[in-house]
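Engineer:
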Amino acid sequence: MLESYQPPLTPYLRIIYQDDALIILDKPSGLLTVPGRLTEHQDSLELRVRRVYPTARIVHRLDMATSGIVLMALSHEAQKHLNLQFEKRLTEKHYIARVEGVVAQQCGRIELPMRCDWPNRPQQMVCFEHGKHALTAFQVLERESTATRVQLKPITGRSHQLRVHMQWLGHPILGDKFYASPAGLAAAPRLQLHAAWLKFRHPISQQWLEFSSECPF
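Convert by adding 288 to the 1-based position in the sequence shown; the result is the number in our numbering.
Okay, structure coming up:
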């Protein structure tokens, strides 16, 4: 259940690119990708986009606290084509994150199966018995005195995958209310996770498209 939901109103809607088949948006931290169940949780990226483009359809989601690139389709056929690309892992994407502590390893892969932590949902957990395969690649971009900026590439797309995997690596993402330490939570005003880059094939032309969004932290 969401705590007091106060989504940012400025900018109300940031469109990076739009054509007849799709629209690329830059979602701010604190805004739901899709409406919640309760009336007070209806404001969302999907709702805002549909006020301008009524045929817009969700292709993938970002957590409410995560900012960055979101792709939406503008027709049923485009949605089917794009959904298939995500399901077959034909898309490429990476995130930028700031994590607790200094990550010693320059790059690596985290392969830990995950499932929902039902008593504490929406939190997720590593589970070697019942978890689904989850794989993340990481690379250090910059080391600070008490934090590290990393590039994260989710090979699979489990809920909270990057957040849980970095926690298990011993470096939770700063500002993460679910997985950070008290000091890590207090160290940032928001979750320090941003969907910075996305590459996929256009559903009509089949050309590869790449979009990026500047990291706001």
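We put the beta carbon where it would ideally sit given N, CA and C, even for glycine.
What is the rounded straight-line gap between the Cα of residue 368 and the Cα of residue 471?
Structural biologist: Translated into positions along the sequence shown, residue 368 becomes position 80. Translated into positions along the sequence shown, residue 471 becomes position 183. Taking the straight line from one Cα to the other gives about 43 Å.
Engineer: Could you give the C-beta distance for residue 456 and residue 370, rounded to a whole number, given that I count them as a contact under 8 Å?
Structural biologist: Stepping through the sequence shown from its first residue, residue 456 is reached at position 168. Stepping through the sequence shown from its first residue, residue 370 is reached at position 82. Between residue 370 and residue 456 the Cβ distance is about 31 Å, and since that is not below 8 Å, they are no contact.
Engineer: Please specify which runs of the alpha helix (DSSP H), each continuous and at least 4 residues long, are wholly inside the region 434–503, giving them in chain order.
Structural biologist: You should have 449–456 and 470–474.
Engineer: Within 8 Å (strictly less), CB to CB, does residue 315 reach chain C?
Structural biologist: Among the chains in the structure shown there is no chain C, since it carries only a single protein chain.
Engineer: Does residue 315 pass the burial test, meaning 16 or more other C-beta atoms within 10 Å, or should it be called exposed?
Structural biologist: Walking along the sequence shown from the start, residue 315 turns up at place 27. Looking at its Cβ environment, which holds 16 or more other Cβ atoms inside 10 Å, residue 315 is buried.
Engineer: Measure the alpha-carbon distance for residue 420 versus residue 402 and round it to whole angstroms.
Structural biologist: Along the sequence shown, read from residue 1 onward, the residue named residue 420 stands at position 132. Along the sequence shown, read from residue 1 onward, the residue named residue 402 stands at position 114. When rounded, the distance between both Cα atoms is 5 Å.
Engineer: Measuring straight from C-alpha to C-alpha, what distance separates residue 300 and residue 323?
Structural biologist: Position 12 of the sequence shown, counted from the start, is the residue given in the question as residue 300. Position 35 of the sequence shown, counted from the start, is the residue given in the question as residue 323. Roughly 15 Å between the two C-alpha positions.
Engineer: Keeping to the same chain, check which residues put their C-beta closer than 7 Å to that of residue 440; ignore five residues upstream and five downstream.
Structural biologist: Numbered from its first residue, the sequence shown carries residue 440 at position 152. Result list for residue 440: 382, 383, 385, 424, 426 and 450, in chain order.
Engineer: What are the residues that DSSP puts in a beta bridge with residue 321?
Structural biologist: Walking along the sequence shown from the start, residue 321 turns up at place 33. Answer by DSSP bridge pairing: none, since residue 321 is not bridged.
Engineer: Inspect the CB distances between the region 352–365 and the region 387–397 and report whether three or more fall short of 8 Å.
Structural biologist: Because the criterion of three Cβ pairs below 8 Å is not met, the region 352–365 and the region 387–397 do not touch.
Engineer: In or out: residue 464 buried (at least 16 other Cβ within 10 Å) or exposed?
Structural biologist: On the sequence shown, residue 464 is found 176 positions in, with the first residue counted as 1. Residue 464 comes out buried.
Engineer: What is the rounded straight-line gap between the Cα of residue 245 and the Cα of residue 405?
Structural biologist: Residue 245 lies beyond the stretch modelled for the chain, which goes from 289 to 505, so this question has no answer here.
Engineer: According to DSSP, is residue 431 part of a helix, a strand, or is it coil?
Structural biologist: Walking along the sequence shown from the start, residue 431 turns up at place 143. Note: residue 431 maps to strand in three-state DSSP.
Engineer: Which stretch, first to last residue, makes up the alpha helix (DSSP H) that contains residue 366?
Structural biologist: Position 78 of the sequence shown, counted from the first residue, corresponds to residue 366. It spans 364–375 - the alpha helix (DSSP H) in which residue 366 sits, taken as one unbroken run.
Engineer: Is residue 522 helix, strand or coil by DSSP?
Structural biologist: Lying outside 289 to 505, the shown extent of the chain, residue 522 is not represented and no answer is given.
Engineer: Does DSSP put residue 388 in a helix, in a strand, or in coil?
Structural biologist: Walking along the sequence shown from the start, residue 388 turns up at place 100. In this structure, residue 388 counts as strand in the three-state DSSP scheme.
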